[in-house]
Amino acid sequence: MRLLCIFTILLLGTQACIAQNDLLLLKKNNRTVRSFYPGTNIDFSTDSRYYEAQITGIQKDSLYLVQYDIRRVYSSMLGLFVSDTVASYRFAINYKEITALGKEGNKFNWSGSGAALFGGGALLTTAGLLTWVFSKPNTRYYASPKLVIGAAALTGIGYLLLKTGNKPMKLGKKYTLHYIELK
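Set out below in structure tokens:
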């Protein structure tokens, strides 16, 4: 029994044990905001295009990624549309090529709300101004000044929300990406 125990310890001692993988840290003003490691999803931009992928490995300053092409496919057996993975693409990219990262989380879409307010406000403002031009004052179709001013205010608020909401985190002075080698 003692011999079996010693043999097992010697056999297990020769196995390579890797406990941790390399990782990337996203820092905002020198504080860690998010960490990226194998298995996490990342969405980022380079000089050439935008990527949404899953990290499969990080080694020697390179990110090994897999990108899934998911489409809605018609299922003839059930007569329904089903989401299906059509293809998966494996590729590698140097982390220094990343220029911007997407915002994290499922937060409120301020840009979408801003676009809706901008479009609706512009439509109401245009309709109100057209009633001033083509109809007589104090008639049924004449828009009140309160309506036109309120619609113009909605257009302005929508424009501000559209321009300020959901911007990507551009790497540079404020945001930095650090490679941490743990192996």
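If you use mature numbering (1 follows the signal peptide of the UniProt record, and there is no 0), the sequence shown corresponds to residues -19 to -1, 1 to 164, in order.
Ideal Cβ placement from N, Cα and C applies to all residues, glycine included.
Between Q40 and V14, the alpha-carbon positions lie close to 21 Å from each other. When DSSP states are grouped into helix, strand and coil, K155 belongs to the coil group. Taking every protein chain shown into account, the CB of I36 has 16 or more other CB atoms within 10 angstroms, so this residue is buried. Within 10 angstroms of the beta-carbon of L(-8) lie fewer than 16 other beta-carbons, which makes it exposed. Contact between L46 and F17 does not hold, since their C-beta atoms are separated by about 11 Å, which reaches or exceeds 8 Å. DSSP lists L7 as the bridge partner or partners of R15. DSSP places I130 in the uninterrupted alpha helix (DSSP H) bounded by P126 to T145. Here DSSP, grouped into helix, strand and coil, assigns Y76 to helix. At the C-beta level, H159 and L5 come within 8 Å of one another. A residue is called buried once 16 or more other Cβ atoms fall within 10 Å of its Cβ, and D3 is buried on that count. The distance from the Cβ of A68 to that of F25 is about 21 Å, inconsistent with a contact at the 8 Å cut-off. Just measuring C-alpha positions, the residue of T66, T112, S56 and G131 sitting nearest G101 is G131. Taking the C-beta atoms as reference points, W91 is found no nearer than 8 Å to T136. Residue pairing by DSSP puts G38 in a beta bridge opposite Y45. Straight across, the Cα-Cα distance linking D28 with K151 is about 12 Å.
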